[in-house]
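There are 2 protein chains.
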Amino acid sequence: MIGIFDSGVGGLTVVREIFKILPQYQIVYFGDTAHLPYGTKSKEAVCRYSLANVQFLLNQGAKIIVIACHTASSLAVDTLRKKFPKIPIFDVVKPGIKQALEVTKNKKIGIIGTLSTIRSEAHKKALLSLNQGVEVFSQACPLLVPLVEEGWINRSETRRIVKYYLRHLKQKQIDTLILACTHYPLLENLISSIAGRRVTLVDPAREVAKELKEFLEKNKDIAQTLKKGKDHKFFVSDVPYKFGELSRRCLGRVVKVEQVRIE
Amino acid sequence: MIGIFDSGVGGLTVVREIFKILPQYQIVYFGDTAHLPYGTKSKEAVCRYSLANVQFLLNQGAKIIVIACHTASSLAVDTLRKKFPKIPIFDVVKPGIKQALEVTKNKKIGIIGTLSTIRSEAHKKALLSLNQGVEVFSQACPLLVPLVEEGWINRSETRRIVKYYLRHLKQKQIDTLILACTHYPLLENLISSIAGRRVTLVDPAREVAKELKEFLEKNKDIAQTLKKGKDHKFFVSDVPYKFGELSRRCLGRVVKVEQVRIE
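Taken in order, these protein sequences are the chains called B and R.
Start counting the first sequence at 1; every next residue gets the next number (the numbering used here).
Start counting the second sequence at 1001; every next residue gets the next number (the numbering used here).
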């Protein structure tokens, strides 16, 4: 199976993209709702939680891991690859920045994410390591996750808050904006309308799904170890807060979810 | 020492009130920032975390416990009293509802809090158990904690969101409103201006401090076991996110805080 984990339910936006282009494979999802949000926690805590999440997914039969959470991708990916060297582990940072470098024309790239993701500077460092000629502008947007979880997708308050967060990035005349948080694709239309037509949004969920597809095409031996079918499994570590709503929004239906304790 | 715990740093509003009327006693504070927020977690998880928090405070020398967190007060107080029968444990639910029953004239009481607090109906049940003649109207306000933590105390967006949350309660013509979350006292002026002059706000932080003072005056033997002085201790279980800012706002200065792992 393809194992996917997130700090909560936002990772369903990644599941949606994987279902779109790799519909044949079975997935197992783990949302660490007992510890959400990761966006305000320390690197040490995020690494500890992420290790437990991956171990759980491997126990469930995962042969490949996708880190859907940008905070975990920013803070824990090295720790995870070191601990599980034989498991292909995909993060959402790298595919997003690769795509951003492909689409930017004026070399001014914006990044929005949680406080921890932005503070980690993971995207900025990765962008500059691939191309020192780009300028990178970051903005933490701590209110967007709560707004999405409230379902305030199209409310005027959300519009005003997004405007506030994007002001600085617009002044810098970015032409590319990375949505570096699983929840933000749900605000894609709103963000796009405020960012303006000249700004291309990059959704790392879409990019990691593409990267996974290419990897499986190149590595047929690994692809063959993956289960096929529709018997997907969804787990959370505490109450599946907003899971029903988000699964309806992302997957078009309310999926069954099981609560497990992994501490 | 007086031990005080909260899911994070919001409990500093309770510390502020205790410092005001019981300045002689030393306190030890624990903010469970590794698991915050409690407001979206299950009863089982909140009980488990709360037990660990109290054990930590007792190990630090606490002789009395104050649960500053409304979600933990709503979900875990019975569990804690059962587990620690000899320790006086104060919660923030009871003092708030007592005060509300004293000040209401038209017997229409509003409650605002996190989703878990409101869902637990702890305040409503407690109010009705003391006075079946009151009408109780509740409103979960999940965006207010993130807004306070962002420091958006006086912004127009916050005003609009508070207006939205209070609309239903105003229609019901409440004359008393319980601020059933540690963060809300920081929005007291804004909430009051929107609720209108006819609505009295009840801040349970203030009420629990008064109750504690009365208790210590009546129980001199217990009061004598408490350390006096200014050598207060502040601990958190993960990064002290926003602790500096909130301690400046609540206590007038940035206090030293130590990070400990208690799992």
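Glycine residues also receive a C-beta, built at the ideal position from the N, C-alpha and C atoms.
For clarity, every value in this text was computed on a predicted model and none was experimentally measured.
Using three-state DSSP, classify Gly-1096(R) as helix, strand or coil.
-> helix
Let me know the secondary structure DSSP gives Ala-1140(R) once reduced to three states.
-> strand
Say whether chain R places a C-beta atom closer than 7 Å to the C-beta of Ala-100(B).
-> no
Express the C-alpha separation of Val-28(B) and Gln-1024(R) in angstroms, rounding to a whole number.
-> 55 Å
For Tyr-1241(R), which residues in chain B fall below 7 Å Cβ to Cβ?
-> Thr-40
Going along chain R in order, which residues have a C-beta closer than 7 Å to the C-beta of Arg-160(B)?
-> Glu-1157
Kindly indicate which three-state DSSP category Ile-1174(R) falls into: helix, strand or coil?
-> coil
Evaluate the contact criterion for the stretch 1115-1128 of chain R versus the stretch 1185-1194 of chain R: three or more CB pairs, one atom per stretch, below 8 Å.
-> no
Name the DSSP bridge partner or partners of Gln-1259(R)?
-> Val-1236(R)
Whose Cβ in chain B lies nearer than 9 Å to the Cβ of Leu-1246(R)?
-> Chain B residues near Leu-1246(R): none, gap ~13 Å exceeds 9 Å.
Rounded separation between Phe-1019(R) and Lys-1227(R) - CA only | 14 Å
Would you say the stretch 97-110 of chain B touches the stretch 62-75 of chain B, given that touching needs at least three Cβ pairs under 8 Å?
-> no
Pick from Val-1009(R), Tyr-1038(R), Ile-1002(R), Asp-1006(R) that is closest to Gln-1026(R), judged by C-alpha positions | Ile-1002(R)
Secondary structure at Asp-231(B), three-state DSSP: helix, strand or coil?
-> coil
Scan the stretch 1005-1036 of chain R for residues whose Cβ lies nearer than 8 Å to a Cβ of chain B and list them as they occur along the chain.
-> Thr-1033, Ala-1034, His-1035, Leu-1036
Relative to the alpha-carbon of Leu-1036(R), which residue among Phe-1056(R), Asp-1006(R), Arg-1081(R) has its alpha-carbon at the smallest distance?
-> Asp-1006(R)
C-alpha distance - Leu-1080(R) paired with Thr-1104(R), whole-angstrom precision = 31 Å
If you drop the 5 nearest sequence neighbours on each side, which residues of the same chain put their C-beta closer than 7 Å to that of Arg-206(B)?
-> Glu-17
Any 3 or more C-beta pairs closer than 8 Å across the stretch 157-176 of chain B and the stretch 1171-1184 of chain R = no
Where the stretch 1130-1151 of chain R meets chain B: residues whose CB sits under 9 Å from a CB there = Pro-1142, Leu-1143, Val-1145, Pro-1146, Leu-1147, Glu-1149, Glu-1150
Under the rule that 16 or more other beta-carbon atoms within 10 Å means buried, what is Pro-85(B), buried or exposed?
-> exposed
Closest by CA to Phe-1137(R), which one among Leu-1144(R), Ile-1004(R), Leu-1127(R)?
-> Leu-1127(R)
Rounded C-alpha distance that separates Val-145(B) from Lys-1083(R) = 36 Å
Quick one: what's Glu-1135(R) bridged to in DSSP?
-> Lys-1108(R)
Candidates Ala-195(B), Ala-62(B), Val-257(B), of which the one nearest Thr-225(B) by Cα | Ala-62(B)
Option in Ile-1222(R), Leu-1246(R), Val-1236(R) with minimal Cα separation from Ile-1087(R) | Ile-1222(R)
So Asn-59(B) packs on Leu-101(B), CB below 8 Å; how close in whole Å?
-> Rounded, the Cβ-Cβ distance is 37 Å, inconsistent with contact.
With 16 other CB atoms within 10 Å as the buried threshold, where does Val-260(B) fall?
-> exposed
Mind pulling the alpha helix (DSSP H) runs of 4 or more residues that sit fully within the stretch 1140-1209 of chain R?
-> 1144-1149, 1156-1171, 1188-1195
With DSSP collapsed to three states, give me the class of Val-1009(R).
-> coil
Between the Cα of Gln-139(B) and those of Val-257(B), Lys-218(B), Cys-181(B), spot the shortest distance and give me the residue it belongs to.
-> Cys-181(B)
Taking only beta-carbon positions, decide if Ala-1062(R) is within less than 7 Å of chain B.
-> no
Got a sec: is the Cβ-Cβ distance from Asp-1231(R) to anything in chain B below 7 Å?
-> no
Flag this pair as yes or no: are the beta carbons of Ile-65(B) and Val-54(B) separated by less than 7 Å?
-> yes
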